[in-house]
Amino acid sequence: EARSISEYARWLEGEVAASKPKEMSKEEIRAAAGRLRGACVSGIKKQMVWKPSCKTGGAKWSYDGVCADPVIFGALLKLAAPPKWNAQRYTVPEFEAFIGSIDASVRYDDLELVGNVNVRYQAAEGTFKMSGSYGAPRHMSK
Numbered sequence: 430e431a432r433s434i435s436e437y438a439r440w441l442e443g444e445v446a447a448s449k450p451k452e453m454s455k456e457e458i459r460a461a462a463g464r465l466r467g468a469c470v471s472g473i474k475k476q477m478v479w480k481p482s483c484k485t486g487g488a489k490w491s492y493d494g495v496c497a498d499p500v501i502f503g504a505l506l507k508l509a510a511p512p513k514w515n516a517q518r519y520t521v522p523e524f525e526a527f528i529g530s531i532d533a534s535v536r537y538d539d540l541e542l543v544g545n546v547n548v549r550y551q552a553a554e555g556t557f558k559m560s561g562s563y564g565a566p567r568h569m570s571k
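So the sequence shown is numbered by the numbering used here: it starts at 430 and just counts up by one.
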């Protein structure tokens with residue numbers, strides 16, 4: 430009976446070792462962050478439609494996403510390490526530096542991000558939320 434217990438213990442150790450996620454290479458992390466970046470940009474652009482509040486820059490957007498791996502989320506934001514914060518505020522140029530340019534064309538105008546962009550990350554749940562405002566700069570300067 431002692432032998433069967435030790436065999437069972439060795440078998441369990443093998444199962445635990447096999448169930449650990451393998452370390453991702455830098456290329457795999459970069460590729461996963463690129464896919465996540467594309468999904469974020471697409472989701473944000475789809476929300477950028479003309480509303481009367483675009484004239485004042487008060488039209489809101491919000492993107493909810495899932496990223497269970499903090500390393501990939503850190504790579505998305507071009508951080509050296511996984512984020513240790515729950516919420517961070519970025520200016521539009523800072524945000525577009527790691528996400529890419531986000532603008533949308535509507536019938537007779539162009540829409541752009543304005544103001545600050547808030548990024549919240551819940552590492553325990555593997556979810557994040559990005560939110561901010563957009564508008565038509567041509568109308569806002571008047």
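Beta carbons: idealized from backbone N, C-alpha and C, even for Gly.
Kindly confirm or deny that the stretch 529–545 and the stretch 558–568 touch, where touching means at least three C-beta pairs closer than 8 Å. yes
Smallest Cα separation from arginine 554: which of Ala497, Val548, Trp479? Sequence inspection shows glutamate at residue 554; the arginine mentioned does not correspond to that position. The shortest Cα separation from glutamate 554 among Ala497, Val548, Trp479 belongs to Ala497.
Apart from the five residues just before and just after glycine 572, which ones in its own chain have a Cβ nearer than 7 Å to its Cβ? There is no way to answer for residue 572, as the model of the chain reaches only from 430 to 571.
Specify, as a first and last residue, the run of the beta strand (DSSP E) that lysine 558 falls within. 556–564
Using 9 Å as the threshold, is the C-beta distance between isoleucine 528 and arginine 464 below it? no
May I ask you to verify whether the stretch 474–492 touches the stretch 508–520, counting CB pairs closer than 8 Å and requiring at least 3? no
Can you look up lysine 507 in the DSSP assignment and give me helix, strand or coil? coil
Integer Cβ distance of isoleucine 458 from valine 500, believed to fall under 8 Å: 6 Å
Over what stretch of residues does the alpha helix (DSSP H) that includes glycine 463 continue unbroken? 455–476
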